[in-house]
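Report on the structure given below.
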Amino acid sequence: ANQARVASLQDNINRPTRVLSYPKKADGKPVYTSEFFAENVFTLQQIAKALPKPAYASFLKQMRGRQALDKGTADAIAHAVRIWAMDRGATHFTHWFQPQTGTTAEKHDAFLSLKSSFSPNGEEVTAIDAFSGSQLLQAEPDASSFPSGGMRTTFEARGYTVWDTTSPMFIQEGPHGTSVLYIPSVFISYNGDALDEKTVLLRSTSAISKSCSELLNLLDPVPVGAQPKVSHVFTTLGTEQEYFLIDRSLYALRPDLKHTGRTLIGNLPPKHQQMDDHYFGRVPSKVMATMSEAELELFRLGVPIKTRHNEVAPQQFECAPIFEEASLAVDHNLLTMDVLAKVAHKNKLKVLFHEKPFKGVNGSGKHCNWSMSTDRGENLLDPTVKPETNYRFLLVLVAVLHAVQQHGGLLRTSIASASNEHRLGACEAPPMIVSVFLGEHLTEVLNSIEESRPIKNFSVPEIQTIKLGGTALDVKVASLPSISRDLTDRNRTSPFAFTGNKFEFRAVGSKQSPAFPVTILNAAVASALQDVTAALREQMGDKPYPSDADKVAVIKKFIASTKAVRFEGDGYSEAWIHEAEKRGLPNIKTSPEAFKQLLNPAHSDMLTKLGIFTKTELQSRHLILQERYAKDIIVEATTLRSLLASQILPAAFEYRGSLAQSVSLLKDIDPEDASPELEALKALTPVVKDLQASIAALDKAIHDIHEVAEDPVQEAKYACAHVLPAMNRARDAADKLEVLTADKFYPIPKYSELLWF
Ligand code: ADP
Ligand code: MG
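Under the working numbering, the first residue of the sequence shown is numbered 239, with each subsequent residue one higher.
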């Protein structure tokens with residue numbers, strides 16, 4: 239290996255693990271997690287403590303969208319939160335928001351202010367700390383550099399960040415023991431258009447609340463004049479976050495990882511994931527140190543991280559929180575990614591959230607576990623013991639099926655990106671065809687209803703538990719308790735799977751914010767719930783509420799109309815692609831094509847009708863997505879070109895030079911003696927030529943994109959059709975060269991180093 243690589247490997251081995259001290263009580267005993275959980279969050283209880291009772295009541299009303307926040311209340315909260323935060327070392331505050339860049343944005347303001355007083359002696363200036371209600375409620379960062387998809391021109395760049403009162407404020411540590419007060423915010427334009435991910439997510443949440451409450455209140459009628467039973471439904475979200483952790487000193491030697499988040503060249507080492515020994519294996523100590531330090535910080539931030547484990551690929555890991563209300567869960571997922579990145583850095587590691595950092599081993603996803611819950615905390619996707627007679631469950635279930643049937647193409651849009659494309663449909667991640675897996679039991683429930691026959695043996699109590707005793711194995715395992723069996727089995731190959739009492743949207747990319755996919759899913763289901771409610775009203779006619787027979791009729795109707803999206807088989811198989819085509823399911827292969835679905839009236843009408851997006855917002859988002867896709871690929875192509883031209887090719891030249899020198903020296907002794915080196919040189923030459931040619935072709939593709947394409951849509955299309963293939967060709971040549979070049983000449987860390995702690 240070359241010197242830089244050796245030095246960084248040595249550094250990696252000799253580096254001591256960072257020692258973290260977990261919080262301790264005065265007597266030296268550990269503090270329990272539940273005792274410091276959310277200690278850095280300004281919770282509702284704290285607001286309640288700070289405000290007079292009537293002011294707190296009006297704040298709660300505001301939070302539930304029923305009235306505007308008055309200045310007095312805002313001032314009181316601002317004062318209380320400033321004292322709370324400053325007592326914990328805060329010097330600054332920031333509105334924290336989610337522009338359409340895939341990450342979060344913040345601009346810090348000091349609490350420090352200057353106060354002038356004038357007297358006959360002249361002006362006297364004193365320093366004070368201040369934070370007003372209006373500063374809490376909104377700020378106006380210069381929005382001109384955030385993507386707006388043509389919605390604003392630079393001269394009308396005003397954008398406003400407005401406090402999202404549904405997500406609590408928190409503090410995060412800054413340098414030197416200081417900290418910053420974070421105010422979760424939405425980001426809107428001067429005209430009130432959504433410029434961010436959060437605004438549309440909140441709109442989709444209220445759409446689902448409205449449509450779902452309407453259905454539930456129709457199913458569960460109350461006496462005339464009484465309050466409806468359900469006034470609010472919310473969606474729940476639990477995000478399983480996958481990521482890679484690699485050594486930072488090696489990372490620093492790979493320009494492709496630094497600039498694009500993935501390796502653009504490189505061959506698999508002989509041993510990678512084929513032994514299945516990494517999955518759920520023992521977590522390496524360096525990684526455990528990072529995980530637990532990150533968890534500690536996340537607990538303090540009120541993020542309920544629950545699980546951690548090794549994933550399939552070498553150096554791939556996962557963590558998942560306890561599910562929460564969706565918009566809070568989105569904030570918490572973004573915080574989790576942030577904190578993991580920060581803590582990894584402190585531990586001299588680098589976390590990779592890219593969907594496919596390494597070719598040939600598994601990529602990373604972010605499974606979005608999703609359900610709906612009433613304000614009384616009932617999970618609407620809980621099948622209960624006898625789903626076949628649980629009509630409320632079945633109506634909600636067929637609404638979700640109907641949502642996928644109608645808007646599967648749009649769900650595909652919501653997960654499309656240049657990076658996720660490397661993972662989708664690559665036989666390790668759900669395919670680009672969006673279908674639903676229900677499992678054996680629910681499939682039988684739906685089939686029996688459809689065929690008007692009794693359900694087969696599934697709801698018999700015995701099958702709910704797997705008895706380990708009672709067989710020939712009795713003697714050996716009688717000591718084990720009998721365990722309960724889940725209602726559904728698992729199907730890794732489905733992009734959208736029912737898993738017990740929730741759906742798991744598995745096609746979501748690890749790097750992307752869950753906000754957009756969840757917004758689209760909420761929207762599609764809100765619209766589907768309206769269709770189900772309308773069908774029910776039609777079925778029941780003049781009756782005040784539907785009979786069980788009416789419900790069954792509607793359930794049957796939707797079972798029949800949504801059959802095409804149900805698929806229980808192997809989603810990775812070639813056969814499924816043909817089958818899906820026969821069923822008329824969209825198979826949208828590229829991201830640029832997927833983005834266009836946003837402008838397809840079949841989807842856009844639904845989104846505008848529900849008030850989740852305006853037409854302008856859809857047009858702008860479409861352009862932003864196309865533009866980001868094109869830019870992602872252009873950055874990759876440019877990085878690859880420079881890596882190949884300035885490092886890989888010169889390394890091959892150097893090695894060729896040394897071979898040529900040997901050949902000429904050895905020839906002088908005896909021509910026969912030079913033949914091994916000569917052979918190596920001859921094998922190398924065509925590959926070097928091929929690489930050189932492919933760099934030129936790549937160069938041309940990069941150059942042409944600016945010539946050929948006049949707008950982001952054309953750019954994205956060209957990048958997909960021409961730049962990507964040019965990159966793949968160059969990679970093939972470079973990967974061949976890696977094998978042929980003597981290791982000591984190879985300038986950048988190889989997979990065998992990157993994927994080995
Ligand atoms: P697995 O890997 O078996 O799918 P995990 O425990 O890694 O399971 O993740 C499951 C995720 O689903 C967790 O975040 C969990 O909180 C979440 N979840 C469970 N029930 C619900 C629900 N009703 N709504 C949303 N998410 C849920
Ligand atoms: Mg899962």
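For each residue, glycine too, the CB sits at the ideal point set by N, CA and C.
If we count the other Cβ atoms within 10 Å of its Cβ and call it buried at 16 or more, is residue i buried or exposed?
| i | result |
| --- | --- |
| S902 | exposed |
| A710 | Any reading at A710 must be qualified, since the residue scores a pLDDT of 45, below 50, and its modelled position is unreliable; the value itself is stated next. A710 comes out exposed. |
| P755 | buried |
| F356 | exposed |
| E549 | buried |
| L282 | exposed |
| V713 | In this prediction, V713 scores a pLDDT of 45, lower than 50, which makes its location untrustworthy; the coordinate-derived value is nonetheless stated afterwards. Result: exposed. |
| D949 | exposed |
| L539 | buried |
| G463 | exposed |
| Q336 | buried |
| D367 | exposed |
| K927 | exposed |
| S246 | buried |
| R728 | exposed |
| M670 | buried |
| E917 | exposed |
| N838 | exposed |
| Q241 | exposed |
Name the one or two DSSP bridge partners that residue i has.
| i | result |
| --- | --- |
| G476 | N607 |
| R804 | V674 |
| V376 | The residue you asked about is not Val; residue 376 is Gln in the sequence shown. In the DSSP output, where bridge partners are listed per residue, Q376 has V400. |
| E742 | N607 and A735 |
| E362 | S355 |
| E411 | S417 |
| P190 | The chain is shown from 239 up to 995; residue 190 falls before or after that span and cannot be answered. |
| F280 | M407 |
| G266 | G266 is not bridged to any residue. |
| N695 | Paired residues: none, contrary to the question. |
| A328 | S417 |
| K345 | H333 |
| N617 | S611 |
| A432 | I426 |
| V471 | T612 |
| L350 | D367 |
Beta-carbon separation of residue i and residue j under 7 Å?
| i | j | result |
| --- | --- | --- |
| S417 | E411 | yes |
| P784 | L774 | yes |
| D970 | R879 | no |
| G601 | R546 | no |
| L483 | V525 | yes |
| H860 | L836 | yes |
| I862 | A761 | no |
| L375 | W401 | yes |
| H516 | P552 | yes |
| E369 | V279 | Reading off the sequence, residue 369 comes out as Phe, not Glu. The answer is no: Cβ separation not under 7 Å. |
| L506 | G598 | yes |
| C958 | P752 | no |
| I793 | I943 | no |
Rounded to the nearest angstrom, how far is the Cβ of residue i from that of residue j, given a contact under 8 Å?
| i | j | result |
| --- | --- | --- |
| L848 | A445 | 5 Å |
| S655 | Y810 | Incorrect: roughly 21 Å between the Cβ atoms, too far for contact. |
| F591 | M575 | 6 Å |
| R492 | K586 | Incorrect: roughly 15 Å between the Cβ atoms, too far for contact. |
| L633 | K789 | 7 Å |
| A875 | A939 | 7 Å |
| T498 | V257 | Their Cβ separation, rounded to whole angstroms, is 34 Å, which puts T498 and V257 out of contact at 8 Å. |
| F833 | T651 | 6 Å |
| W334 | Y398 | About 14 Å; that fails the 8 Å criterion. |
| Y989 | G504 | 5 Å |
| V674 | L639 | 6 Å |
**Request:** Return the chain-ordered ranges of every beta strand (DSSP E) run that is complete within the stretch 550 to 598 and spans a minimum of 3 residues.
**Result:** If we require 3 residues or more, the beta strand (DSSP E) runs fully inside the stretch 550 to 598 come out as 554 to 559 and 587 to 590.
**Prompt:** For the stretch 856 to 900, which segments carrying the beta strand (DSSP E) assignment without a break, of at least 3 residues, lie completely within its bounds, in sequence order?
**Reply:** Those beta strand (DSSP E) runs which fall completely within the stretch 856 to 900 and span 3+ residues do not exist here.
**Request:** Report the residue ranges of all beta strand (DSSP E) runs contained in full by the stretch 474 to 554; include only those spanning at least 3 residues, in chain order.
**Result:** Secondary structure remark: continuous beta strand (DSSP E) runs of at least 3 residues inside the stretch 474 to 554, in chain order: 543 to 548.
**Request:** Note down, one range per segment and in chain order, each alpha helix (DSSP H) of at least 4 residues found wholly within the stretch 290 to 325.
**Result:** Fully enclosed alpha helix (DSSP H) runs of 4 or longer: 291 to 301 and 309 to 325.
**Message:** As an exercise, report each continuous alpha helix (DSSP H) stretch of at least 4 residues that is fully enclosed by the stretch 817 to 841, in chain order.
**Reply:** Taking only runs of at least 4 residues, the alpha helix (DSSP H) segments lying wholly in the stretch 817 to 841 are 829 to 833.
**Asked** Where are the alpha helix (DSSP H) runs, 4 residues long or more, that stay fully inside the stretch 898 to 984, in chain order?
**Response** Listed in chain order, the alpha helix (DSSP H) runs fully inside the stretch 898 to 984 are 913 to 946, 950 to 956 and 962 to 978, counting runs of at least 4 residues.
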